[in-house]
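Undergrad: For the sequence shown, position 100 matches number 419 in the working numbering, and the numbering has no gaps at all.
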Amino acid sequence: MSATSDTVIPMKTIKTTFELEQRLHSRLKAMAGRLGVNARDLVSEGIELALARYEGAGDQKELAARAKAARERLRAGYFDGPADLSETYEGRMLIAAEPPAPYKP
């Protein structure tokens, strides 16, 4: 049986109990009332947002560390060149400016 856009697939739920501070619970209920949804929907949405934020956090930390290391390698390579880059540049320009050797058949 294939699902169509009119078919609602029930999701299995698990009842979970946790404690909230009174002020947080009051804010949750008030926001749910303003939005016309129940508190469970807001809590579920909050969990989804938290998971989306932190599930990739390890990957983000690894990428940030790799980027930092790459920047350090680039910086080290940049400064490891000759002390006076102008001499190297001028020398290369002089070599490039020399006329080619005459053609000998």
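In this text, a Cβ means the ideal position worked out from N, Cα and C, and glycines have one as well.
Could you compute how far the alpha carbon of isoleucine 366 sits from the alpha carbon of alanine 395?
TA: Within the sequence shown, the letter at position 47 stands for residue 366. Within the sequence shown, the letter at position 76 stands for residue 395. About 43 Å.
Undergrad: Kindly indicate the opening and closing residues of the alpha helix (DSSP H) around glutamate 327.
TA: In the sequence shown, residue 327 corresponds to position 8, counting from 1. According to the sequence shown, residue 327 is valine rather than glutamate. Taken as a continuous stretch (DSSP letters only), valine 327 belongs to no alpha helix (DSSP H), as it is neither H nor E.
Undergrad: What whole-angstrom Cβ distance do asparagine 357 and alanine 349 have, given they're in contact under 8 Å?
TA: Residue mapping note: residue 357 aligns to position 38 of the sequence shown, counting from 1. Residue mapping note: residue 349 aligns to position 30 of the sequence shown, counting from 1. No, asparagine 357 and alanine 349 are not in contact; Cβ-Cβ is about 13 Å, not under 8 Å.
Undergrad: What's the gap between the Cα of glutamine 379 and the Cα of leucine 393?
TA: Residue 379 sits at position 60 when you count from the first residue of the sequence shown. Residue 393 sits at position 74 when you count from the first residue of the sequence shown. So the alpha carbons of these two residues sit roughly 21 Å apart.
Undergrad: Checking 8 Å against the spacing of the C-beta atoms, do leucine 347 and leucine 361 come in under that value?
TA: Numbered from its first residue, the sequence shown carries residue 347 at position 28. Numbered from its first residue, the sequence shown carries residue 361 at position 42. For leucine 347 and leucine 361, yes; Cβs fall inside 8 Å.
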